[in-house]
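Before any comments, here is the structure.
Number of protein chains: 2
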Amino acid sequence: MDRIPILRMGGFLLVTIQVDLYDRLALTLENDLMAMVSKMEARGVLIDISAVSIVDSFMGRILGNIASMSRIMDAETVVVGMQPAVAITLVELGLTLAGVHTALNVEMGMELLRKKIGPIPDNEEDLYDDII
Amino acid sequence: MDRIPILRMGGFLLVTIQVDLYDRLALTLENDLMAMVSKMEARGVLIDISAVSIVDSFMGRILGNIASMSRIMDAETVVVGMQPAVAITLVELGLTLAGVHTALNVEMGMELLRKKIGPIPDNEEDLYDDII
């Protein structure tokens, strides 16, 4: 496992984190994600962490980093699918994921992104229609 | 890692396979997926294998099983993101993934599913609109 796949869904990118993030993998993910945002002109990034049951400060920092990097690239980041236990642990660790948007699941995350990004320009409508 | 997360996207389910499938994990995935198809009344299943670089006959059989099970549950299965090397290996192994639809990426897979499933009933339109 040398990299986490990034899926393109319309104007958004979707990443599902299923394995423990170690230094090198996290760095590769950050690089790949920013390259994809730039290449695909993506306006939103969805990070699904529904498979993550244990979270530590490193994971919290990586999520924050990705959100900050994306914002500079003019893309919003939404973390979706957080397990209740993970939310509890994060707050107990003192990590509030400042600057990171969250939503309950992928669909709600997409809805949130759509609201944040605002109306889609006409020439992109077709692209968005294609993914339903 | 005890289970692979299944994401709901409109009327479809999306699974990203990032780790080696061993017996128990594959069995859990089959069970979870069929339970989700039933619960969500999903008409399509997308399996992304872009992170899979090594494929064997076991993986081929699991994909075939999932497609057959889904079909009985009235859902179509599309395998997306296959790496060229994986396609070459599959054919060299004599596995043609009969009964499994394939598409180049998630967007094309969704397009294929939409064509196969046919027009979406009126009462489901809103649901599909929500995910863009």
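Sequence order for the protein chains is A and B. Note that the working numbering numbers the first sequence so that position 35 is 35, with each residue one more than the last. Note that the working numbering numbers the second sequence so that position 19 is 1019, with each residue one more than the last. Built from N, CA and C at the ideal position, the CB exists for glycine as well.
Here residue 32(A) is near residue 6(A), since their CB atoms are less than 7 Å apart.
Within chain B, no residue has its CB atom less than 8 Å from the CB of residue 92(A), the nearest being about 23 Å off. In this structure, DSSP gives residue 19(A) a state outside helix and strand, which the three-state scheme calls coil. Counting of Cβ neighbours within 10 angstroms places residue 1016(B) among the buried residues, the total reaching 16 or more.
Contact annotation, residue 1044(B) with residue 1075(B): C-beta distance approximately 6 Å; criterion of less than 8 Å satisfied. 7 Å or more divides the Cβ of residue 1014(B) from the Cβ of residue 1059(B). Secondary structure note for residue 1009(B): its beta strand (DSSP E) is the uninterrupted segment 1006–1009. With respect to the 7 Å criterion, residue 1106(B) and residue 1080(B) are classified as neighbours on the basis of their beta carbons. For residue 92(A), the enclosing alpha helix (DSSP H) begins and ends at 84–92. At the C-beta level, residue 77(A) and residue 55(A) stay beyond 7 Å of one another. Taking each of 1098(B), 1071(B) and 1061(B) in turn and checking the Cα distance to residue 1023(B), the smallest one comes out for 1061(B).
Nearest to residue 1003(B) by alpha-carbon distance, out of 1009(B), 1012(B), 1025(B) and 1018(B), is 1025(B). Apart from the 5 residues on each side of it in sequence, residue 1012(B) sits with its Cβ closer than 8 Å to the Cβ of 1042, 1043, 1044, 1045, 1046, 1110 and 1113 in its chain, given in chain order. In the three-state reduction of the DSSP assignment, residue 1107(B) falls in the helix class, which pools H, G and I. Neighbours of residue 1076(B) in chain A, taken as residues whose beta carbon is under 9 Å from its own, are absent, since the nearest beta carbon is some 15 Å off. Here the C-alpha atom of residue 1116(B) lies approximately 17 Å from the C-alpha atom of residue 1066(B).
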